[in-house]
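Under numbering that gives the first Met the number 0, the first residue of the sequence shown is numbered 0, with each subsequent residue one higher.
Notes for the one structure printed next.
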Amino acid sequence: MSWKVPYVDYPGQFRRREAEIMETIQRVLSHGDLVLRHQLRDFERNLAEFCGTRHAIGVSNCTDGLFLILRALGIGPGDEVITVSHTFVATVAAIHHNGATPVLVDIGDDHLIDPACVEAAVTQRTKAILPVHLNGRVCDMRALKCLAERRGLLIIEDAAQALGATYEGLKAGSFGTAAAFSFYPAKLLGAFGDGGAVTTNSAELADRITRLRDHGRQERQIVEWGFNCRLDNLQAALLDLKLGSFAQDLARRREIAGIYRRLLADVSELLLPPAPSSHGTHFDVFQNYEIEAVDRDALESRLTAAGVETMRPWGGRGVHQFEALGLNTFRLPRTELMFARALMLPMHTELSDEQVEFVAHCARECYGYLRQPLPRAA
Ligand SMILES: *Cc1c(COP(=O)(O)O)cnc(C)c1O
Numbered sequence: 000m001s002w003k004v005p006y007v008d009y010p011g012q013f014r015r016r017e018a019e020i021m022e023t024i025q026r027v028l029s030h031g032d033l034v035l036r037h038q039l040r041d042f043e044r045n046l047a048e049f050c051g052t053r054h055a056i057g058v059s060n061c062t063d064g065l066f067l068i069l070r071a072l073g074i075g076p077g078d079e080v081i082t083v084s085h086t087f088v089a090t091v092a093a094i095h096h097n098g099a100t101p102v103l104v105d106i107g108d109d110h111l112i113d114p115a116c117v118e119a120a121v122t123q124r125t126k127a128i129l130p131v132h133l134n135g136r137v138c139d140m141r142a143l144k145c146l147a148e149r150r151g152l153l154i155i156e157d158a159a160q161a162l163g164a165t166y167e168g169l170k171a172g173s174f175g176t177a178a179a180f181s182f183y184p185a186k187l188l189g190a191f192g193d194g195g196a197v198t199t200n201s202a203e204l205a206d207r208i209t210r211l212r213d214h215g216r217q218e219r220q221i222v223e224w225g226f227n228c229r230l231d232n233l234q235a236a237l238l239d240l241k242l243g244s245f246a247q248d249l250a251r252r253r254e255i256a257g258i259y260r261r262l263l264a265d266v267s268e269l270l271l272p273p274a275p276s277s278h279g280t281h282f283d284v285f286q287n288y289e290i291e292a293v294d295r296d297a298l299e300s301r302l303t304a305a306g307v308e309t310m311r312p313w314g315g316r317g318v319h320q321f322e323a324l325g326l327n328t329f330r331l332p333r334t335e336l337m338f339a340r341a342l343m344l345p346m347h348t349e350l351s352d353e354q355v356e357f358v359a360h361c362a363r364e365c366y367g368y369l370r371q372p373l374p375r376a377a
């Protein structure tokens, strides 16, 4: 099916910058710069500068980044890590594969981890909080940092969806002991395949993760058991190119969020993400436009029939709702309600204003908001 408004547009994204992309590939390949070369180091330096952290380490993907952070911090069997169920399974898998115990807590109306629920879930075994900055919005880091300090916990950020988002003027990825980013193609800064990075202000942690991602090697010697979790050098070169104009991409996403907000704010059946503000606590970058809708299934069918491609977050279920993972003892009412009502509207840099307006128009029509409201009986 060819959509009138597709959920993502990889070919469009490529065409817009085709000449520069092909020129970069040509340059990298003709020099044979394939693994751990200067393009990777350049990208790591620029990314760290962008995030306001001392270090950035390119890794194979965000999942591996989270895995390596936990591993490097020695979090394992007997340790509990608190995170959300409203996330990609990868967040929780990184905890699981280190032998630690994931403790899933509920979200607030902003769809992000609820600090009060975190507080209630802390035990003697809790080692870390793993907030997920979903949909391009940073979690309530003031409350979480305060709690972490009080209870002696580490903070590890899943910033897969939040490159460039800020909270109280600081960038996602700069709040915790370390953070992981994703460059999966559909993410804010998308590679042409998989990619990820870890940011941290700790030189010691940066060194450890740099070793772990490359077989435990340091200056050609093997100094510990490691993994192969390197960021591909060609991808790093392309990501560095895209990082150069990343601010424009974010501005466009915020513009689109503004259009959705303007055209849908009065539809009382919908709960929209907060408006893109530039002077409040949050500077959101809208990785997704995740709404909650009364009668979600009807809205979804209506949009599909009109040629608008939408998605249910994570296939429509939280991590604790997948039987196979054995986490179904958690009861998370706000998360479960969210999954019953959530829908993600198209949100990417290739959308035209007209396409966004069309999506909003279809949603208004679905709830009968197109006509003028009937005059009230006197
Ligand atoms: C995409 C995503 C991941 C996984 O990233 P990969 O780079 O694909 O491993 C983890 N957490 C969240 C919240 C994500 O959106």
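Note that CB positions come from ideal geometry on N, CA and C, so glycine has one too.
Just mark ASP122 as buried or exposed, buried being the case when its beta carbon has 16 or more other beta carbons within 10 Å. The amino acid at residue 122 is misidentified as Asp; the sequence shows Thr. Exposed, since its Cβ has fewer than 16 Cβ neighbours within 10 Å.
Would you mind giving the Cβ-Cβ distance between LEU33 and LEU233, rounded to the nearest angstrom? I have them listed as a contact below 8 Å. Right, their Cβ atoms sit about 7 Å apart.
For LEU238, which of helix, strand or coil comes out of DSSP? Three-state result, LEU238: helix.
Does the Cβ of PHE378 lie closer than 8 Å to at least one heavy atom of ligand 1? Any property of residue 378 remains undetermined from this structure, which presents the chain solely from 0 to 377.
If I'm right that ARG71 touches LEU204 with Cβ under 8 Å, what's the distance once you round it to whole angstroms? Before going further, note that residue 71 is Ala rather than Arg in the sequence given. By a beta-carbon distance limit of 8 Å, ALA71 contacts LEU204. Their separation comes to about 6 Å.
Quick one: what's got a C-beta closer than 7 Å to GLU308's C-beta in the same chain, skipping five residues either side? Around GLU308: TRP2, VAL4, PRO5, TYR6 and PRO345.
Nearest neighbour of ALA412, chosen from GLU167, ARG141, LEU269 and GLY75 [CA to CA]: As shown, the chain starts at 0 and ends at 377. That puts residue 412 outside it, with no answer to give.
Option nearest THR209 by Cα separation, candidates ARG16, ARG40, GLY77 and PHE13: Of the candidates ARG16, ARG40, GLY77 and PHE13, the one whose C-alpha sits nearest the C-alpha of THR209 is ARG40.
Skipping 5 residues on each side, what residues in its chain have a beta carbon closer than 7 Å to that of ALA264? Same-chain partners within the cutoff: LEU271.
Should LEU133 be counted as a contact of ligand 1 given a C-beta to heavy atom distance under 8 Å? Correct: LEU133 has its Cβ closer than 8 Å to ligand 1.
Thinking just about the alpha-carbon of each residue, which of LEU211, PRO76, GLU356 and ALA297 is nearest to the one in GLY98? Checking every option, the nearest Cα to that of GLY98 belongs to PRO76.
Per DSSP, what are the beta-bridge partners of SER181 in this structure? In the DSSP secondary-structure assignment, SER181 is bridged to GLY195.
Threshold first: 3 residues or longer. Then list the beta strand (DSSP E) segments lying entirely within the segment 65-124, N to C. Counting only runs of at least 3 residues, the segment 65-124 fully encloses the following beta strand (DSSP E) elements, listed from N- to C-terminal order: 79-83 and 100-104.
Rounded separation between CYS50 and ARG216 - CA only: Whole-angstrom Cα-Cα distance: 26 Å.
DSSP-derived helix/strand/coil call for TYR288: Three-state DSSP puts TYR288 in a strand.
Under 8 Å from any heavy atom of ligand 1, does the C-beta of THR334 make it? Relative to ligand 1, the beta carbon of THR334 is positioned no closer than 8 Å to any heavy atom.
Hey, quick one: how far does the beta strand (DSSP E) through GLY57 stretch, first residue to last? Counting along the chain, the beta strand (DSSP E) containing GLY57 begins and ends at 54-58.
Please determine, among LEU238, GLU289, LEU326 and ALA177, the residue with the shortest C-alpha to C-alpha distance to ARG16. Comparing Cα positions, the closest option is LEU238.
Whose C-alpha, out of ALA235, PHE285, SER267 and LYS241, is nearest the C-alpha of GLY257? Nearest to GLY257 by C-alpha distance, out of ALA235, PHE285, SER267 and LYS241, is PHE285.
Rounding to the nearest angstrom, what Cα-Cα distance links ALA377 and TYR368 in this structure? Bear in mind that a pLDDT of 45 at ALA377, under 50, signals an unreliable position, so the number given afterwards is only what the model happens to contain. Rounded to the nearest angstrom, the two C-alpha atoms are 22 Å apart.
In whole angstroms, what is the alpha-carbon distance linking GLN38 and ALA18? Between GLN38 and ALA18, the alpha-carbon positions lie close to 19 Å from each other.
List the endpoints of the continuous beta strand (DSSP E) containing GLU156. Where GLU156 is concerned, the enclosing beta strand (DSSP E) stretches over 153-157.
With a cut-off of 8 Å, do at least 3 Cβ pairs link the segment 157-176 to the segment 124-133? In short, these stretches touch, since the Cβ pair count reaches three.
Within 8 Å: the Cβ of LEU65 and any heavy atom of ligand 1? Yes.
Within a Cβ cutoff of 6 Å, which residues of the same chain sit near GLN354, ignoring the five residues on either side of it in sequence? Residues of the same chain with a CB within less than 6 Å of the CB of GLN354, apart from the 5 flanking positions on each side, are VAL4 in chain order.
CB of GLY73 to nearest heavy atom of ligand 1: below 8 Å? Ligand 1 has no heavy atom closer than 8 Å to the beta-carbon of GLY73.
Where ALA359 sits in the DSSP three-state scheme: If DSSP states are grouped into helix, strand and coil, ALA359 belongs with the helices.
CB-CB length for ALA179 against ILE94, believed under 8 Å: Contact flag wrong, Cβ pair sits at about 12 Å.
Verify the contact flag: GLN160, CB atom, against every heavy atom of ligand 1, threshold strictly below 8 Å. Answer for GLN160: yes, Cβ within range of ligand 1.
Where do the ends of the beta strand (DSSP E) carrying ALA161 lie? DSSP places ALA161 outside any beta strand (DSSP E), giving it a letter other than H or E.
Between the CA atoms of HIS214 and TRP224 - distance to the nearest angstrom: In this model, TRP224 and HIS214 are separated by some 7 Å (Cα to Cα).
Specify the secondary structure class of PHE282 as computed by DSSP and reduced to three states. Here PHE282 sits in strand by DSSP.
So is LEU188 buried or exposed if we call it buried at 16+ other beta carbons inside 10 Å? By the 16-neighbour rule on beta-carbons within 10 angstroms, LEU188 is buried.
For ligand 1, is there a heavy atom less than 8 Å away from the beta-carbon of GLY314? In terms of side-chain proximity, the C-beta atom of GLY314 is found no nearer than 8 Å to any non-hydrogen atom of ligand 1.
DSSP state of ALA377 mapped onto helix, strand, coil: For ALA377, the predicted model reports a pLDDT of 45, less than 50, meaning its position is unreliable and no value from the coordinates is stated.
Does DSSP classify LYS126 as helix, strand or coil? It is a strand residue.
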